[in-house]
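Everything on this sheet refers to the single structure shown next.
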């Protein structure tokens, strides 16, 4: 089933990590919450349209919309031509919510028993191995399916080799369970300067002479759409305000954060020289200074391996982690934020602090941090950076 969350609680006024007024849930045991800005999501989708003006757009909402909540983000995806995900139960739930546009299952189906339900719910499927072809050939469905044939162009995870494609297409064109065919690839190196040319050439060679719509561009491919092309694009991380590139920031590619993880300082400690902080004494003070304790830890989805120096915003100013991340708390050096006190606002990532900056410091990627936010973290839906009290 699609994960659901408790209803949004009442709101009370506080300040944002940038110092601007914002509201947060008031009936919470802890001040930690994730704020979702649907206006930013709409703007990011518009940027996809701008980058790939000739293509249809399938918004990728796998992994509960990259941790944002599939049902929560759905109202901001009206301008997409459809959705793409992995989970059959989530696709069924979308149909129950009367979502009528295309839904594509990115890993297709795993057993023949799933096919009648897939057909009944009008879902498209990706096929990537011969056993799926065999299951389609033997199926008797009330409604034939839209089928995306995935071609392995270098990722070496899923997909048919180029030499197999024409034979697979021939079998599928004779299959009563298939209503329409599409050709699909996945770019493994579009984030690299020279990572597009060979893969696009391999895809074009495998598709040569086949008169079917093509889908190859992920987020990185969309930004480079003039080189990549294709009839259907599949934006993922860029929809949520992250960058697929190691050196080009989200701002550089024209997208803005959708999720802002917010908390507050809940305690202060004045350190003397040689005092240590937290488990394992991972941080030892070289001078006297103040430490702030923030209500957020690895049980909330913050990366435990984030080292000393990982950026945090306090009162809109840059501060740094000082000490090991624990289950429920992190500790930060407040030297550069002398005005900070108990209740001061903290941004762990999002507005004013790109998730990619935090991920880079923690030797991971923004995708992981967004997807890892724990179920115990309340979510609040906002527009243009403020709580919409009518929601």
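In this note's numbering, the protein residues as written are 827 to 1217. From the three backbone atoms N, C-alpha and C, an ideal C-beta is built for every residue, glycine too.
Kindly identify the DSSP beta-bridge partner or partners of residue 860.
-> Per DSSP, 1087 and 1205.
Start and end of the beta strand (DSSP E) containing residue 974?
-> Per DSSP, residue 974 belongs to the beta strand (DSSP E) from 971 to 976.
Would you check if the stretch 1054 to 1072 and the stretch 881 to 888 touch, i.e. whether three or more CB-CB distances between them fall below 8 Å?
-> Enough Cβ pairs lie closer than 8 Å, so yes.
For residue 908, I'd like the list of residues in its chain whose CB is within less than 7 Å of its CB, leaving aside the five on either flank, ordered along the chain.
-> So the qualifying residues of the chain are 884, 927, 928, 929 and 930.
Can you grab the Cα-Cα spacing for the pair residue 847 / residue 1141, in whole Å?
-> Residue placement at residue 847 cannot be trusted, given a pLDDT of 40 that sits under 50; the coordinates are not used to answer.
Helix, strand or coil for residue 935 per DSSP?
-> When secondary structure is reduced to three states using DSSP, residue 935 falls in the coil class, being assigned neither helix nor strand.
Any idea if residue 985 is buried or exposed, counting beta-carbon neighbours within 10 angstroms, 16 or more meaning buried?
-> It is buried - the Cβ of residue 985 has at least 16 other Cβ atoms within 10 Å.
Whether residue 1111 touches residue 1126 by CB criterion (8 Å) = Going by C-beta atoms, residue 1111 is not nearer than 8 Å to residue 1126.
Minimum C-alpha distance to residue 1123 - residue among 1099, 1089 and 1113 = Nearest of 1099, 1089 and 1113 to residue 1123, Cα basis: 1089.
Is the CB-CB distance between residue 871 and residue 906 below 8 Å?
-> Yes. Within cutoff.
Given a threshold of 16 other Cβ atoms within 10 Å of its Cβ, counted over all protein chains shown, does residue 1000 qualify as buried or as exposed?
-> So residue 1000 counts as exposed.
Straight-line CA distance for residue 1224 to residue 969?
-> Residue 1224 lies beyond the stretch modelled for the chain, which goes from 827 to 1217, so this question has no answer here.
Backbone CA spacing between residue 975 and residue 1148 [nearest angstrom] | Roughly 49 Å between the two C-alpha positions.
Segment contact, 8 Å Cβ cut-off, at least three pairs: the stretch 1177 to 1197 with the stretch 1076 to 1091 | Short answer: they touch.
Between the beta-carbon of residue 1130 and the beta-carbon of residue 1151, is there less than 8 Å?
-> Taking 8 Å as the cut-off, the Cβ atoms of residue 1130 and residue 1151 count as close.
Extent of the continuous alpha helix (DSSP H) run through residue 888 = Start and end: 888 to 892.
Within the same chain, show all residues whose beta-carbon is closer than 8 Å to that of residue 1093, passing over the 5 residues directly before and after it, in chain order.
-> Hits under 8 Å: 1118, 1119 and 1168.
Which of the three DSSP states, helix, strand or coil, is assigned to residue 942?
-> Under the three-state reduction of DSSP output, residue 942 falls in the helix class.
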